[in-house]
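Only one structure is covered here, and it is reproduced in the block below.
Chains as they are written, first to last, in the numbering used here: chain Y, 280 to 622; chain S, 319 to 648.
Set out below in structure tokens:
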């Protein structure tokens, strides 16, 4: 009974990914018929405008959304488990602040010191941004991983992470103060988050990296399940707690770092999706929750991207607003429903 | 009891390393635990019961001394090996929801399952066995958050059982339970020590129960000294009284149990017999009267088969008797 429920839901999630993916390709300011979309994907379409729209814009954007959503959701789930805190999310350890810090350094200082505004540099500028974001977040992550080996309680570690985040934000504030207006503008736009910024060749890189990194989280299934029991019980069942914490935090941290580097700080998906999945699947078992979060994250990211690009909004709505507007009511609905079914 | 010794402790000092040197909790313990026995660790709050238990379970290192488990030093065990030797049931309340009892008990198989933690047919069979041993079959599909404290405790004991360890440590397994549940848990543990030859060691505050069920008692007092023996030997040696007696609590040497020591203020004569007599005696003791049939000039209560009589007054219940009693005593 329960297994059937799980497989049905899983099938539904995968179907929703397929559906939203198709809609992402079809809908937009220029509507392209489904048949034409399929022909483009098969490489048979004659209409070069349609081909360009799909291959250069909509397809990379949709693939980016799928990977970013999946990565954020999986890392959110891992963070919530390792910290046993329902409010933990990818941003909580300051890792995304680290990425912002890296980006801020490059964008804001390049203007003041090098005399070249990075925003004008095009492709090289993009790569530099990505690399600086990854460097910033990995730096913070290494710091957190080091602290996780020294600090006993989860709560202290969590608070340290939050504090590191504050420090990063404060430094960004100082940098902004000394920067030129157009650089600040470029930084703010990066901070809005977008699946569209990743272009052509970089999409392939992003997708390949995510395809390599995401499966690593699945290797932690047993570890994550044991962590649910609390440190003492987990240890008594043979788990090396320090190593487990390090592995989980590193895996989650790297996922966030890469997604943030390519898409900017996307809020909410990582926090919300695991809750939605727990509510839907009524389980804490990571063998179910990990793939479920991955699919739900991808699906929700596609949906958000679709809404952000609705005719009339074209380019105007930042993804971050949409993720919260769509995600928050869903989480609330799930929690209300959970209350009812428990009675 | 000719079972073998599973745990041997030599010159064990427990405590914590702090910035200002070592904080010693219990000092120089030399003792052993045997398989097939239920051993209870007793002592007042703050005596170091939990610290000792945590040290024996390798959750924290001893300040000095050695612990041998099945003839091997505790420190020589790797985490994964230890998981097959010691099972624990802790006071930590697990903040967990949306996990069925069956799944939770199944987690106890983790030391034996492979990389993905999947349960084999044999594992599932062992989970079924443990669930029925502990008697929680009707709970198996329930979610952990819907259980009462006593039910949770049984689930965690089932988890420790499927872990198939020769040793099980329990930190206050009967705390927060109602009385029947306390008895049930203790009896369950005693049965497990007998039928499965497990070494069971638990800390508890339930003196009465421990004295009646434990095969052996470890007694830590406020001065961190440890006394070990069967409940009966400790009673005879006067240790029980020494450890726990205080104003209002007396150790009854004849019963080998503690009882509340009531103030004895007023003598009274009572005529009667049987269960009704015993109950009147109990009620009188609680209210400061004691029976003295030799004393002259005191009032007399006569107990008949359907009433209580005191100075020509007849009442039906002990409550009424207690009400009229003060007016009839000078």
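C-beta: ideal position from N, C-alpha, C; glycine also.
Item	Value
Spatial neighbours of residue 359/Y within its chain, please: CB distance less than 7 Å, with the 5 preceding and 5 following residues excluded, ordered by chain position.	365, 367, 553
Which chain S residues sit within Cβ distance under 9 Å of residue 517/Y?	396, 397, 398, 399, 400, 401, 402, 428, 429
If residue 412/Y sits next to residue 580/Y, beta carbons under 8 Å apart, how far is it from one beta carbon to the other, in whole angstroms?	Wrong, their Cβ atoms sit about 18 Å apart, outside the cutoff.
Residue 447/Y and residue 532/Y look like a contact to me (Cβ under 8 Å); what is the Cβ gap, rounded to whole Å?	Contact flag wrong, Cβ pair sits at about 14 Å.
Judging by CA-CA distance, which residue of 315/Y, 469/Y, 282/Y, 341/Y is the nearest neighbour of residue 586/Y?	341/Y
Compile a chain-ordered list of the residues in the segment 502 to 513 of chain Y whose CB is closer than 8 Å to at least one CB of chain S.	504, 505, 507, 508, 509, 511, 512
Along the segment 532 to 543 of chain S, what residues have a CB closer than 8 Å to any CB found in chain A?	Checking the listed chains, one finds no chain A in this structure; the protein chains it contains are Y and S.
From the beta carbon of residue 471/S, is the nearest beta carbon of chain Y less than 9 Å away?	no
On the CB-based measure, 16 or more other CB atoms within 10 Å of its CB, does residue 319/S come out buried or exposed?	With a pLDDT of only 46 at residue 319/S, under the threshold of 50, the placement of this residue in the model should not be trusted; the figure read from the coordinates follows. The residue in question, residue 319/S, is exposed, as its Cβ has fewer than 16 Cβ neighbours within 10 Å.
Measure the alpha-carbon distance for residue 484/Y versus residue 317/Y and round it to whole angstroms.	24 Å
Tell me where the beta strand (DSSP E) around residue 534/S begins and ends.	534 to 538
When we look at the beta-carbon of residue 496/S and count the other beta-carbons within 10 Å, is it buried (16 or more) or exposed?	exposed
Please report how far the alpha carbon of residue 456/S lies from the alpha carbon of residue 566/Y, in whole angstroms.	25 Å
Determine whether the Cβ of residue 303/S lies closer than 9 Å to any Cβ atom of chain Y.	Residue 303/S is absent from the model: chain S starts at 319 and stops at 648.
Select from the segment 421 to 450 of chain Y all residues with a C-beta closer than 9 Å to any C-beta belonging to chain S, and list them in chain order.	none
Can you list, in chain order, the residues of its chain whose CB lies under 6 Å from that of residue 597/Y, leaving out five sequence neighbours each side?	471
What residues from the segment 553 to 565 of chain Y come within 7 Å of chain S, judged by C-beta to C-beta, listed N to C?	557, 561, 562, 563, 564
Report the CB separation of residue 458/S from residue 419/S in whole angstroms; it is logged as a contact under 8 Å.	5 Å
Got a sec: is the Cβ-Cβ distance from residue 498/Y to anything in chain S below 9 Å?	yes
Any heavy atom of the ligand SAM closer than 8 Å to the beta-carbon of residue 447/Y?	The ligand SAM is not among the ligands present in this structure, which contains no ligands whatsoever.
Cβ of residue 363/Y less than 9 Å from any chain S Cβ?	yes
For residue 474/Y, which of 326/Y, 347/Y, 286/Y, 305/Y has the nearest alpha-carbon?	347/Y
Closer than 8 Å is the cut-off here; do at least three beta carbon pairs connect the segment 287 to 295 of chain Y with the segment 559 to 573 of chain Y?	yes
Taking Cβ-Cβ distances shorter than 8 Å, what residues in chain Y pair up with residue 375/S?	515
In whole angstroms, give me the CA-to-CA distance for residue 529/S and residue 439/S.	41 Å
On the CB-based measure, 16 or more other CB atoms within 10 Å of its CB, does residue 588/Y come out buried or exposed?	buried
Taking the C-alpha atoms as reference points, what is the distance between residue 523/Y and residue 550/Y?	21 Å
Where does the unbroken alpha helix (DSSP H) through residue 341/Y begin, and where does it stop?	338 to 362
Against chain Y, with Cβ distances strictly below 9 Å, would residue 481/S count as a contact?	yes
Look at the alpha carbon of residue 521/Y and the alpha carbon of residue 465/Y, and state the distance between them as a whole number of angstroms.	40 Å
Could you tell me the alpha carbon to alpha carbon distance between residue 380/Y and residue 337/Y, rounded to whole angstroms?	29 Å
Any beta-carbon of chain Y closer than 9 Å to the one on residue 421/S?	yes
Are the Cβ atoms of residue 491/S and residue 517/S separated by less than 9 Å?	no
In the structure shown, what three-state DSSP assignment does residue 319/S receive?	Confidence in residue 319/S is poor, its pLDDT being 46 and thus under 50, which makes the residue's placement unreliable; the coordinate value appears in the next sentence. Looking at residue 319/S - three-state DSSP - the assignment turns out to be coil, as it is neither helix nor strand.
Using a Cβ-Cβ cut-off of less than 7 Å, list which residues of the segment 586 to 620 of chain S approach chain Y; keep chain order.	none
Cutting at 6 Å between CB atoms, please list the residues of its own chain near residue 487/S, excluding the five before and the five after it.	371, 375, 406, 519
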